[in-house]
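Protein sequence lines, in the order shown, are assigned to chains A and B.
Per this note's numbering, the first sequence starts with residue 1, numbered consecutively.
Per this note's numbering, the second sequence starts with residue 379, numbered consecutively.
There are 2 protein chains.
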Amino acid sequence: MQDFEISEFEHRLARAQRLMHQEDLPVMLLTTEPEIRYFTGFRTQFWQSPTRPWYLIIPQTGMPTAIIPEIGFDLMQKCWIDDIRCWPAPRPSDDGIKLLESILLNYTKVGLPMGHETHLQMPLENFNLLNKNLRVNWHDTTSIIRQLRMVKSEAEINLIKSICDIASRSFDKIPEISSVGQPLSELFRSFKIDLLNEGADDIPYLVGGVGEPSYSDVISPPTDRRLSLGETVMLDTGAVYKGYYCDFNRNFAIGEPSSSVKKAYETLWKTTETALDYIRPGVSTSDLFQMMSDTLQTSSSDVGRFGHGLGMQLTEWPSIANWDHTRLMENMVITLEPSIHVDGGGVLVTEENIVVRDGRPELLSKRAFSDIPIIGLP
Amino acid sequence: MQDFEISEFEHRLARAQRLMHQEDLPVMLLTTEPEIRYFTGFRTQFWQSPTRPWYLIIPQTGMPTAIIPEIGFDLMQKCWIDDIRCWPAPRPSDDGIKLLESILLNYTKVGLPMGHETHLQMPLENFNLLNKNLRVNWHDTTSIIRQLRMVKSEAEINLIKSICDIASRSFDKIPEISSVGQPLSELFRSFKIDLLNEGADDIPYLVGGVGEPSYSDVISPPTDRRLSLGETVMLDTGAVYKGYYCDFNRNFAIGEPSSSVKKAYETLWKTTETALDYIRPGVSTSDLFQMMSDTLQTSSSDVGRFGHGLGMQLTEWPSIANWDHTRLMENMVITLEPSIHVDGGGVLVTEENIVVRDGRPELLSKRAFSDIPIIGLP
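So, in structure tokens, the structure goes:
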């Protein structure tokens, strides 16, 4: 289990502890997969099982303590953390709670992510039990986690770049693996297999749409509906390499596109170009949203925003939205995802993945063609 | 989006409302993917994104109300639910909370799953806000959800049977797609591709182990370590078809197995046979655990249990464990997962998927060979 050098984890912990010091926070409790992986390197698909809770405690000084089910001991031992305390989970009568209490009883103020895009990954009745047995004031650490995870290390950027390269190569093969009359579900299947062949570890996310002149639903699994001339088809993938995501899409006209689709696609493409010119460290995400809205000549977005952070999760902070005033910083990885209504029905969405650099941002996805690519012509 | 007939959802709702009536519970709030999908049919990989919360409210009489982000409106409209209320999420200043309050303010007692294997999929600060603005007594509905989801309909069993068939066919091909000297990661990749070719929609879970004479870590992603003669390799997959999981594994000796591995495998195989003879409606899972312990001549299990429920999630209630006294009922789908220490080091785990029937249970996975299969011989 060495996705990273140990120095990566040392650096993450040091940054966390510096922020905890600034907020006068003695300790922080983490319960969710990305957070525990961020600080330990513990990477497993075992989180698919909801049965067992996992805990990590980060003190303001010193090393973290993992309080985890016995079944994870072997893997956690291969990680960076030495202080690993286990119980024979599942054990509903005490699923790690006494172990948690034995540490937390030393504190009156405990950090916990409680804000936007977070949740508590433990049974609520166990959390209530902690509150009954301890005198703890919970302190929201969403801001600490956000600040840490939004800015990526070069090692993290390299992993995201790797999966973006993989997906870019697979998207390039869509004209080969698609055909008029093919059920959408078959195209999705072929695309997934190609992603695996190109080196993706997994494809936790592949959604898309098809419609004439364009699609309306952008989060659905594929149906068996057959690709037909005159339609637009979109595939959007969050594929994963060593626990890091890409998240971008590609649109294809099946046969000659209508003028409304061509025009909408061009507008989106230009909006992304303008955004690439505009993005610099220090620019706020709300200003970026405004700039993209102006270029699109729309003030609304059905998806609620024009992009978001990307990394260990498919979507992360920040949001490119009018309510998010995050200042872009060097080495933030974000998506640019403008969307627009198409004359005649449906929407069109395009997406690219970039990393903010000192100067012009660096594209991680291979830039989409400036004209909508056409498939299905003989 | 028609994984099921509408009557399936009508039946689920009626069962829920009967149990709510018995517990004198006027309303129930659900926040997690399987629960919302169970009652609506809303199936999307968009849950990979942690950004937006999703809510479903089930009253004791009448139809459910979905309170969901705008981006899900199109897909939810294709489902069974008519009362869909949306907001332009993400909107951290009010991410659906006012909409939730507008319904919940009519109640003083509200159900919420709070027990084992559940969690609250919303920011804790939003839950605190609800508690501040409403006078609600939360009532744990874990037992209601458990009772509903543990017993499967024939339509659900058919989907689980489909994915078990798919995985059984792929496991049968391991001798063809594996070879001595092959990196474990390559075998995993080939196996995943085969699962997709055989008809799996996704493979959210594929873990395994390799070791001599056996493995110790059963939740890890694969390394690039090469398969070597004298080792045992195990692959354990949770593949998915239309939102339903299989969860079983297969073991292979690379070259001639050691006598300790052969003996351990035989003991596990016989334990499963004995369990298949023993399992009937009315048998408790703790008695089943005891019977399996006796056959294995061990009282402990490093994985904490000898099997579990299976369906919309990789692991579900009940547990085959000494602390779980669930009475097996017809149409419960469970895994049988005995594990044993191997002389010379490591453990061996086998797993099958079955459905409890009136009489002998029905195997959903194709039964493993009675002797450990050998790969890698010329």
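In this text, a Cβ means the ideal position worked out from N, Cα and C, and glycines have one as well.
On a predicted model such as this, the values are computed, not experimentally measured, just so you know.
Sequence-distant residues of the same chain with beta carbon closer than 8 Å to ALA16 of chain A, five excluded per side: Working through the first sequence from its first residue, we reach residue 16 of chain A at position 16. MET28, PHE39, ILE58, ILE144, LEU148.
Within the stretch 120–188 of chain A, ranges of the beta strand (DSSP E) (whole runs, at least 3 residues): 137–140
Inter-residue Cα distance where the pair is PRO716 of chain B and GLN45 of chain A: As a first step, residue 716 of chain B must be located in the second sequence, where it is residue number 338. As a first step, residue 45 of chain A must be located in the first sequence, where it is residue number 45. Cα to Cα, PRO716 of chain B sits roughly 21 Å from GLN45 of chain A.
Contact set between PHE46 of chain A and chain B, taken where Cβ atoms lie within less than 7 Å: Here residue 46 of chain A refers to the residue found at position 46 when the first sequence is read from its first residue. Chain B residues near PHE46 of chain A: VAL585, ILE597.
Buried versus exposed call for ILE384 of chain B [16 or more other C-beta atoms within 10 Å across all chains shown]: Locating residue 384 of chain B in the second sequence gives position 6, counting from the first residue. So ILE384 of chain B counts as exposed.
Sequence-distant residues of the same chain with beta carbon closer than 8 Å to ARG225 of chain A, five excluded per side: By 1-based counting over the first sequence, the position of residue 225 of chain A is 225. Cβ within range, chain order: PRO183, LEU184, VAL210.
Candidates B:SER548, B:ASP702, B:GLY722: closest to LYS744 of chain B by CA position: The residue given as residue 744 of chain B occupies position 366 in the second sequence. Of the listed residues, the one whose Cα sits closest to LYS744 of chain B is B:SER548.
Beta-ladder partner(s) of PHE252 of chain A, from DSSP: Taking the first residue of the first sequence as position 1, residue 252 of chain A is located at position 252. Answer is A:VAL233, bridged to PHE252 of chain A.
Chain-order list of residues whose beta-carbon lies under 8 Å from that of LEU276 of chain A (same chain, five-residue window excluded): Indexing the first sequence from 1 puts residue 276 of chain A at position 276. Within the same chain, LEU276 of chain A has close Cβ partners LEU336, ILE354, ARG360, PRO361, LEU363.
For ALA444 of chain B: DSSP bridge partner residues: Counting from one through the second sequence, the residue named residue 444 of chain B turns up at place 66. DSSP lists B:LEU434, B:ILE462 as partners of ALA444 of chain B.
Contact check, LEU584 of chain B vs LEU537 of chain B, beta carbons under 9 Å: The residue labelled residue 584 of chain B in the question sits at position 206 within the second sequence. The residue labelled residue 537 of chain B in the question sits at position 159 within the second sequence. Cβ atoms of LEU584 of chain B and LEU537 of chain B: not closer than 9 Å.
Beta carbon of LEU56 of chain A nearer than 9 Å to that of GLU101 of chain A: The count along the first sequence starts at 1 and reaches residue 56 of chain A at position 56. The count along the first sequence starts at 1 and reaches residue 101 of chain A at position 101. Cβ atoms of LEU56 of chain A and GLU101 of chain A: not closer than 9 Å.
Cross-chain neighbours of PRO204 of chain A in chain B, by beta carbon under 9 Å: Taking the first sequence and counting its residues from 1, the one referred to as residue 204 of chain A is at position 204. GLN423, GLN426, ASP580, PRO582, listed in chain order.
Contacts that TRP80 of chain A makes with chain B (C-beta to C-beta distance below 9 Å): Reading the first sequence from its first residue, position 80 is the one you call residue 80 of chain A. In chain order: nothing, as chain B lies at least about 16 Å away.
Own chain partners of ASP736 of chain B with C-beta closer than 7 Å, once the 5 adjacent residues on each side are dropped: Within the second sequence, residue 736 of chain B is the residue found at index 358, counting from 1. Only PRO659, GLU708 meet the Cβ criterion.
Chain A residues whose Cβ lies nearer than 7 Å to that of TRP701 of chain B: By 1-based counting over the second sequence, the position of residue 701 of chain B is 323. Within 7 Å Cβ-Cβ: ARG91, PRO92, SER93.
Within-9 Å CB hit, ILE145 of chain A to chain B: Numbered from 1 along the first sequence, position 145 holds the residue referred to as residue 145 of chain A. Not one chain B Cβ lies under 9 Å of ILE145 of chain A.
Listed by chain order, chain B residues near GLU212 of chain A by CB distance under 8 Å: Taking the first sequence and counting its residues from 1, one reaches residue 212 of chain A at position 212. Correct list: empty, because the minimum Cβ distance to chain B is about 16 Å.
Alpha helix (DSSP H) segment containing THR71 of chain A, residue limits: Position 71 of the first sequence holds residue 71 of chain A. As written in the sequence, residue 71 of chain A is Ile, which differs from the Thr given in the question. Where ILE71 of chain A is concerned, there is no enclosing alpha helix (DSSP H), given that its DSSP letter is neither H nor E.
Beta-bridge partners of ILE340 of chain A, as assigned by DSSP: By 1-based counting over the first sequence, the position of residue 340 of chain A is 340. Looking at the DSSP assignment, ILE340 of chain A forms a beta bridge with A:LEU348.
DSSP beta-bridge partners of GLU580 of chain B: Here the question's residue 580 of chain B lines up with position 202 in the second sequence. What sits at residue 580 of chain B in the sequence shown is Asp, not Glu. In the DSSP output, where bridge partners are listed per residue, ASP580 of chain B has B:VAL618.
Contact set for THR443 of chain B: own chain, Cβ-Cβ below 7 Å, skip 5 residues either direction: Residue 443 of chain B sits at position 65 when you count from the first residue of the second sequence. If we look at THR443 of chain B and ignore the five residues flanking it on each side, its Cβ neighbours are ILE435, ASP461, ARG463, ILE481.
Selection of the stretch 536–567 of chain B by Cβ proximity to chain A, strictly under 8 Å: ARG567
CA nearest to the CA of SER540 of chain B, picked from B:PHE667, B:GLY621, B:GLY474: Residue mapping note: residue 540 of chain B aligns to position 162 of the second sequence, counting from 1. Per the Cα distances, B:GLY621.
Residue range of the unbroken alpha helix (DSSP H) whose run includes PRO34 of chain A: Locating residue 34 of chain A in the first sequence gives position 34, counting from the first residue. 33–40 is the span of the alpha helix (DSSP H), which, as asked, contains PRO34 of chain A.
For THR728 of chain B and ARG627 of chain B, the rounded distance between their alpha carbons: Against the second sequence, residue 627 of chain B aligns to sequence position 249. Against the second sequence, residue 728 of chain B aligns to sequence position 350. Note that residue 627 of chain B is Asn in the sequence shown here, rather than Arg. ASN627 of chain B and THR728 of chain B: Cα-Cα distance of roughly 6 Å.
Integer Cβ distance of PRO591 of chain B from GLY722 of chain B, believed to fall under 8 Å: Numbered from its first residue, the second sequence carries residue 591 of chain B at position 213. Numbered from its first residue, the second sequence carries residue 722 of chain B at position 344. Right, the Cβ-Cβ distance comes to about 5 Å (below 8 Å), so this counts as a contact.
Boundaries of the beta strand (DSSP E) in which TRP269 of chain A is found, first to last residue: Residue numbering aside, residue 269 of chain A sits at position 269 when the first sequence is read from its first letter. From DSSP, TRP269 of chain A is part of no beta strand (DSSP E) but of the alpha helix (DSSP H) over 259–278.
Buried/exposed call for GLY689 of chain B, threshold 16 Cβ in 10 Å: For the purposes of this step, residue 689 of chain B is identified with residue 311 of the second sequence, where counting begins at 1. It is buried - the Cβ of GLY689 of chain B has at least 16 other Cβ atoms within 10 Å.
Beta-bridge partners of HIS449 of chain A, as assigned by DSSP: No answer is possible for residue 449 of chain A: it lies beyond the span of chain A, which begins at 1 and ends at 378.
Closer than 7 Å at the beta carbon, the chain A residues around LYS570 of chain B: Here residue 570 of chain B refers to the residue found at position 192 of the second sequence. Chain A residues near LYS570 of chain B: LEU196.
Chain B contact for GLY307 of chain A (CB, 9 Å cutoff): As a position in the first sequence, residue 307 of chain A is number 307, starting the count at 1. No, GLY307 of chain A does not count as interfacial toward chain B.
Near-chain A residues of the stretch 649–670 of chain B - C-beta to any C-beta below 9 Å: none
Option in A:TRP323, A:ILE174, A:GLU316 with minimal Cα separation from ASN251 of chain A: The residue you call residue 251 of chain A lines up with position 251 of the first sequence. The residue with the shortest Cα to Cα distance from ASN251 of chain A is A:ILE174.
Neighbour list for LEU646 of chain B in chain A, Cβ cutoff strictly below 9 Å: Locating residue 646 of chain B in the second sequence gives position 268, where the first residue counts as 1. Within 9 Å Cβ-Cβ: nothing; LEU646 of chain B doesn't reach chain A, min ~17 Å.
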